[in-house]
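Read in order, the letters of the sequence shown are residues 209 to 307 in the working numbering.
Okay, so here's the structure we're looking at.
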Amino acid sequence: MKRFEVTTKIGSLSVTYKKQKKVLVCLNGAGLLPSYENFSLILEKLPPTIGYLTIDFPNTGRSPIHDQSGKNLDNLVDAVYEVLEELAIYEYILCAHSL
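In C-alpha coordinates, the structure reads:
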(Lines of atoms letter the chains of each structure in order from A and count residues from 1; the text may use other names and numbers.)
(Lines give C-alpha, C1' and ligand atoms only; values in the text may rest on other atoms or scores of the structure.)
Protein backbone atom coordinates (compact mmCIF):
# COMPACT_ATOMS: atom_id res chain seq x y z
CA MET A 1 0.00 0.00 0.00
CA LYS A 2 1.25 3.46 -0.90
CA ARG A 3 -0.12 6.78 0.32
CA PHE A 4 0.57 9.93 -1.73
CA GLU A 5 -1.06 12.98 -3.31
CA VAL A 6 -2.23 13.41 -6.89
CA THR A 7 -2.63 16.93 -8.28
CA THR A 8 -5.95 17.58 -10.04
CA LYS A 9 -7.82 20.64 -11.30
CA ILE A 10 -9.65 20.90 -7.96
CA GLY A 11 -6.48 20.56 -5.87
CA SER A 12 -4.22 17.87 -4.44
CA LEU A 13 -6.03 14.69 -3.44
CA SER A 14 -4.66 12.25 -0.89
CA VAL A 15 -4.86 8.67 -2.16
CA THR A 16 -4.04 5.24 -0.81
CA TYR A 17 -3.20 2.70 -3.50
CA LYS A 18 -2.55 -1.02 -3.68
CA LYS A 19 -1.81 -1.85 -7.30
CA GLN A 20 -3.43 -4.73 -9.17
CA LYS A 21 -4.97 -5.12 -12.62
CA LYS A 22 -8.49 -4.86 -11.14
CA VAL A 23 -9.02 -2.16 -8.53
CA LEU A 24 -11.78 -1.27 -6.08
CA VAL A 25 -12.04 2.55 -6.08
CA CYS A 26 -13.43 3.91 -2.80
CA LEU A 27 -14.81 7.44 -2.51
CA ASN A 28 -15.93 9.14 0.68
CA GLY A 29 -17.89 12.33 0.15
CA ALA A 30 -18.30 13.70 3.65
CA GLY A 31 -16.62 13.48 7.00
CA LEU A 32 -13.19 13.93 8.50
CA LEU A 33 -11.94 10.33 8.41
CA PRO A 34 -9.73 9.40 5.48
CA SER A 35 -11.45 7.15 2.92
CA TYR A 36 -8.96 4.38 3.68
CA GLU A 37 -10.11 4.26 7.29
CA ASN A 38 -13.80 4.38 6.32
CA PHE A 39 -13.40 1.44 3.96
CA SER A 40 -10.71 -0.52 5.85
CA LEU A 41 -12.99 -3.41 6.85
CA ILE A 42 -13.86 -3.98 3.19
CA LEU A 43 -10.28 -3.52 1.96
CA GLU A 44 -8.93 -6.08 4.44
CA LYS A 45 -11.27 -8.73 3.02
CA LEU A 46 -10.41 -8.23 -0.66
CA PRO A 47 -8.80 -11.20 -2.41
CA PRO A 48 -5.12 -10.66 -3.26
CA THR A 49 -5.97 -10.32 -6.96
CA ILE A 50 -7.98 -7.15 -6.34
CA GLY A 51 -6.19 -3.89 -5.58
CA TYR A 52 -7.71 -0.74 -4.15
CA LEU A 53 -7.59 3.01 -4.48
CA THR A 54 -9.07 5.35 -1.89
CA ILE A 55 -9.43 9.03 -2.72
CA ASP A 56 -9.93 11.82 -0.19
CA PHE A 57 -11.64 14.80 -1.82
CA PRO A 58 -10.46 18.33 -0.91
CA ASN A 59 -11.13 19.33 2.69
CA THR A 60 -11.75 15.71 3.77
CA GLY A 61 -9.52 12.99 5.17
CA ARG A 62 -5.82 13.63 4.51
CA SER A 63 -6.34 15.94 1.53
CA PRO A 64 -5.29 19.57 1.94
CA ILE A 65 -7.79 22.37 2.30
CA HIS A 66 -8.61 24.04 -1.02
CA ASP A 67 -11.20 26.69 -1.83
CA GLN A 68 -14.05 24.81 -3.47
CA SER A 69 -16.20 27.86 -4.32
CA GLY A 70 -17.94 27.27 -7.61
CA LYS A 71 -17.08 23.55 -7.65
CA ASN A 72 -19.75 20.90 -8.05
CA LEU A 73 -20.17 17.14 -8.35
CA ASP A 74 -19.06 17.22 -12.00
CA ASN A 75 -15.71 18.65 -10.87
CA LEU A 76 -15.30 15.79 -8.37
CA VAL A 77 -16.07 13.25 -11.09
CA ASP A 78 -13.48 14.86 -13.37
CA ALA A 79 -10.92 14.71 -10.55
CA VAL A 80 -11.55 10.98 -10.07
CA TYR A 81 -10.94 10.43 -13.78
CA GLU A 82 -7.72 12.46 -13.52
CA VAL A 83 -6.48 10.18 -10.72
CA LEU A 84 -7.46 7.02 -12.61
CA GLU A 85 -5.65 8.25 -15.70
CA GLU A 86 -2.55 9.28 -13.74
CA LEU A 87 -2.32 5.80 -12.20
CA ALA A 88 -3.28 3.98 -15.44
CA ILE A 89 -6.25 2.25 -13.79
CA TYR A 90 -8.63 0.93 -16.44
CA GLU A 91 -10.43 -1.98 -14.75
CA TYR A 92 -12.21 -0.85 -11.61
CA ILE A 93 -15.30 -1.09 -9.47
CA LEU A 94 -16.53 2.13 -7.90
CA CYS A 95 -17.71 2.12 -4.28
CA ALA A 96 -18.88 5.36 -2.65
CA HIS A 97 -20.86 6.76 0.26
CA SER A 98 -21.97 10.17 1.55
CA LEU A 99 -21.65 11.86 -1.83
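Beta carbons are placed, not taken as given, at the ideal position from N, Cα and C, and that holds for glycine.
Note that this is a predicted model, so its numbers are computed, not measured.
What separation, rounded to the nearest whole angstrom, lies between the Cα atoms of residue i and residue j?
i: L254; j: G219; result: 30 angstroms
i: L240; j: L284; result: 17 angstroms
i: K279; j: E252; result: 33 angstroms
i: H274; j: N267; result: 7 angstroms
i: A296; j: L307; result: 24 angstroms
i: K229; j: Y298; result: 8 angstroms
i: L281; j: T257; result: 31 angstroms
i: L249; j: M209; result: 15 angstroms
Please look up how many angstroms separate the CB atoms of residue i and residue j, rounded, as I've assumed it's under 8 angstroms.
i: G341; j: P242; result: No information on residue 341 is available, as it lies outside the stretch 209 to 307 that the chain covers here.
i: T262; j: V223; result: 6 angstroms
i: L221; j: F265; result: 7 angstroms
Taking the alpha-carbon of residue i as reference, which of the options has the nearest alpha-carbon?
i: E245; options: D282, R211, Y298; result: R211
i: L237; options: Y298, E299, A296, S271; result: The identity of residue 237 in the sequence shown is Gly, whereas the question assumes Leu. Out of Y298, E299, A296, S271, S271 has the C-alpha closest to the C-alpha of G237.
i: T216; options: Y225, D286, S306, K226; result: D286
Could you pull out every unbroken alpha helix (DSSP H) segment of at least 4 residues lying fully inside the segment 253-301, listed in chain order? List check, alpha helix (DSSP H) in window: 281-294.
If you pair each beta-carbon of the segment 228-239 with each one of the segment 288-298, do three or more pairs fall below 8 angstroms? yes
Please go through the segment 218-249 and give each complete beta strand (DSSP E) segment of 3 or more residues, from N-terminal end onward. 219-226, 230-236
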